[in-house]
Structure formats: structure tokens, C-alpha cells
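S.K.: Residue numbers (the numbering used here): 709 to 1006.
Here a beta-carbon is modelled for each residue, glycine too, at the ideal position from N, C-alpha and C.
Predicted model only: the values in this text are computed from it and were never measured.
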Amino acid sequence: MRKLLIPVILILMIFMFTAAYTVNEQEYAIITQFGKPVRIVEEAGLYFKLPGFLQNINRVDKFVKNFTTQPIQLLLGDKNPVILTCYVCWEVEDPLSFFESLSTNLIAAQKLGDMVNSQLGGVLGDYTINNIINTQTEMVKLEEIENRIIKNANKNTRESYGIKIVTLGIRRILYPSIVAESVYERMRAEREKEARKFRAEGKEEASKIQASTDKEVAEILADAYKQSEIIKGEGDKRAMEIYANAYSKNPDFFEYSKSLETYCDILKDKSTVILSTDSDLFKFLTQFEINKESGEVK
């Protein structure tokens, strides 16, 4: 009995070893029997299959994978050539379709790369060099181009290969020398145009500030002149009042004082004055001496 028990235990251990398998969260398991899929396991856990060579386990990754396409030279709608390289992020959506049509990630990347480059050739014909590189951000259509490629490519990849492009982007853009020179020249022209615009706006603003300042200065000067004239007028008025008051108190002294001031103004060195004997000035002149050297009246 013991002799039979040991072989049975060994057979059971071999069965358990070759029949049991696990599936983790990041993969699908496709069980094939003689090369044909018989079962698809999508949930993680411990599972069993027929032992040995009767059934095989084929694992397909669930996580998002990425690769970079080969550079390709294409023509834009304005006949300018560009060289593009894209990055592609993709995942398996239908593990059975993927296994039957592609089977490996390497083959999938090759197929996707060819499909993306094919879509690029068709989509870029609707755009010009101004939509690829431009200082005006609203003119750049790279995001629109990428979304169109994803949409068009996914129609084929989902039906044919069971995979989906999650995201796609243009990683690098190169221009042949003849195109690069024209692009740089256009960029310089756009920058110069923008600079001229800024300078013109600056001059306009400076003119407004200058005009406002000139107006303010003119107003200040006008107000100051007005105030000075008012003060001057009040001073003249006050002076006239003082003169009038002095004259009313002592007309003779006032007349005498004014005559002295007049003498000092008119009787200078080598001055000749012809006066009538009836003149008011003459009657005081005879009462004074004139210093011949200084011209002062004594």
C-alpha cells in the first residue's frame, strides 16, 4: 500500500506544480490548448489548467506602454518638407484580438509606428508651416494634429489589433536647411513687426504723457501769473492809498519829495535840462547844489 501511495503523491505534486498558476494585476492570461485560445483570465488570483504540455499560459501586459516612432519626412499643405518624430502611449483593450493578431509588444509597436506615420502623411496635408511653428500661439495647430491622428488611428487599431492609443504627441520637428532659413527669417520679421508695434505704442503713450504734462505746466503757470497779477494789483492799490494818504496830510512835503525823486532820475552826469522858470521842478532846483562828480543832488 505504501509503495502505491508514494507514486500517487508524486503524481499529485507534479500535477499541482504544472497545473496551478497565478495572474497579477498588471497582466491578462490567455490559456491555449494545442495553440488555440480556450480561456482568458482578466482578474488577478490563483488558477488551474491542464497540466504539462496540454495547456500553455500566454501573458499580455495590461499597463500602458510607450515607444518612439522612426523619423519620417513629409510634405505640408504648402509643400514645405518637415521631419517628424512622435511618441505613442498605448494599451491592450482586447487581449484575445491582440494575441491572435500581434502576440508581442514589439510587433505591436512596429504596426502602430507604421500606422501613425501613415496618418501623419494624410493629416499634415491640411496644414502649413505657419501651423507648425509660429510666434502667435493661436496659429499653432500641433494639438489639433495630434488629436486627429489619435482618432483616425484608433479606428483601425481597436478593430484590427485590440489595442488603443492612449496619447500621442509630436516629440521632435526638424526642417531641411532651406525650410529652416525661411522659418527663421519669418520669425525675425514677426519679431521686428511686434517690436515696431511696441515702439509705436510707447511713443503714443509718451506723447499723451507729454501733452498732459505740458497742459498741467501751462495751468500752473497761468494760475501763478494770475496770482502774481492779483498781488501786484493789490500792492499798487495799497501804494496809491499810501501816496494819497500822505499827500492829503502834507501836500507840500509830498510835492517836495516827488521832485527830489525826479531830480535824481533826470539829473545825471553830463545831463542837460531845459526848464521854464514857471516849472514846478525849477522852483526846487534853485534851492539845491548838484555834485558835479557824482551827479547827486544836495
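Indicate whether residue 798 and residue 873 have their beta-carbon atoms separated by less than 8 Å.
M.R.: yes
S.K.: Could you check the C-alpha separation between residue 773 and residue 780 for me, to the nearest Å?
M.R.: 22 Å
S.K.: Are residue 792 and residue 878 touching if we call contact CB-CB under 8 Å?
M.R.: Against a cut-off of 8 Å, the Cβ pair of residue 878 and residue 792 comes out as a contact.
S.K.: When you compare the region 761-772 with the region 733-747, are there three or more beta-carbon pairs, one atom per stretch, that lie closer than 8 Å?
M.R.: yes
S.K.: Starting from residue 768, follow its DSSP beta bridges and name the residues at the other end.
M.R.: 736
S.K.: Take the Cβ of residue 827 as the centre, count every other Cβ of all protein chains shown within 10 Å, and call the residue buried at 16 or more, exposed below.
M.R.: Residue 827 should be labelled buried.
S.K.: Report, in whole angstroms, the separation of the C-beta atoms of residue 821 and residue 865, which I expect to be a contact under 8 Å.
M.R.: About 12 Å separates the two Cβ atoms, so there is no contact after all.
S.K.: Work out the CA separation of residue 923 and residue 947 for me, nearest whole Å.
M.R.: Distance between the alpha carbons of residue 947 and residue 923 is about 36 Å.
S.K.: Quick check on residue 807: buried or exposed, where buried means 16 or more other Cβ atoms within 10 Å of its Cβ?
M.R.: buried
S.K.: Residue range of the alpha helix (DSSP H) that residue 1074 falls in?
M.R.: As shown, the chain starts at 709 and ends at 1006. That puts residue 1074 outside it, with no answer to give.
S.K.: Mind reading off the beta-carbon distance from residue 786 to residue 845? Whole number of angstroms is fine, and I expect it under 8 Å.
M.R.: 20 Å between Cβ atoms; not a contact.
S.K.: What is the DSSP secondary structure of residue 803, counted as helix, strand or coil?
M.R.: helix
S.K.: Determine the DSSP secondary structure at residue 742, reduced to helix, strand or coil.
M.R.: Annotated three-state conformation of residue 742 is coil, per DSSP.
S.K.: Checking the sheet assignment: what are the DSSP bridge partners for residue 755?
M.R.: According to DSSP, residue 755 bridges with 729.
S.K.: Give the single residue among 742, 896 and 869 whose Cα lies nearest to the Cα of residue 841.
M.R.: Selected option, being the one with the closest Cα: 896.
S.K.: Determine the contact status of residue 853 and residue 801, defining contact as a CB-CB distance below 8 Å.
M.R.: no
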